[in-house]
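Engineer: Those letters in the sequence shown? Residues 1 to 199, per our numbering, in order. Using N, Cα and C, we set each Cβ at its ideal position, and we do this for glycine too.
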Amino acid sequence: DPFPRQSNWRASQLLQLIHSDICGPINPTSNGNKSKHGIERQLTTSYTPQQNGVAERKNQTIINMVRSVLVEKGVPRSFWLEVVKWVIHILNRSPTLAVKNVTPEEAWSGIKSSVSYFRIFGSIGYVHVPDQKMSKLNDKSIKCVLLGVGEKSKAYKLYDPIKKKIWISRDVKFQEDAAWDWGEAKTSITLDTSELNPL
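1) Determine the DSSP secondary structure at Lys100, reduced to helix, strand or coil.
2) If you follow the alpha helix (DSSP H) that Leu43 is in, where does it begin and where does it stop?
3) How big is the Cα-Cα spacing for Pro28 and Ser46?
4) Strictly by DSSP, which residues pair up with Ile124?
5) CB-CB under 7 Å to His89, same chain, minus the five flanking residues each way: which ones, in chain order?
6) Any chance the segment 66 to 85 sits against the segment 100 to 111, with 3 or more Cβ pairs inside 8 Å?
7) So does the segment 60 to 73 actually touch the segment 84 to 104, counting three or more Cβ pairs closer than 8 Å?
8) Just to check my reading of the structure: Val172 and Tyr126 have Cβ atoms closer than 8 Å, yes? What is that Cβ distance to the nearest angstrom?
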């Protein structure tokens, strides 16, 4: 649900203007640039990021953080989307000048966010395998790489580079000072998301 049903925060003014870039086949002259609710839409000119300064600065912040995260643990670029999700997750739970005395997440939901579960992206995580899913002589854990948190659960999202599988689990022991040795595999990583493996 993209909009919270109940929240302590409510806008004190009606939305009157949306400022965005020209994207795709949208016809900017439909309805005289106004929605059925009377909201005006202003478009920036192509290739002029200075006209959309606030959003462009935020995008630059995100890109710089993504680069840093990828370099920190030597994570292949093929994981850039997972890094973007994690960076935005962190930014939404971090203080900002735009919202006073609360984080963006708290302003939106009305609930104070915990950050105690934050871990270093790309670090090693050992996913516990429950007894029901394990044969007698198998390891009790799977060595994986942290990719952030699951989108639909309160659990970590990890990648097993050997089996090329995604695991969603709460039962993880982290070794945050360690990183996976990606070696020559950096250019041939493919995520198998056809089957998420919840534990």
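Structural biologist: The relevant details are as follows:
1) coil
2) Not the alpha helix (DSSP H): Leu43 falls in the beta strand (DSSP E), residues 40 to 44.
3) Caution is warranted here: a pLDDT of 48 is assigned to Pro28, below 50, making its placement in the model unreliable, and the coordinate value is therefore given only provisionally. So the two alpha carbons sit approximately 14 Å from each other.
4) Val145, Gln175
5) Gly148, Val149
6) no
7) Counting Cβ pairs under 8 Å, three or more are found: they touch.
8) 7 Å
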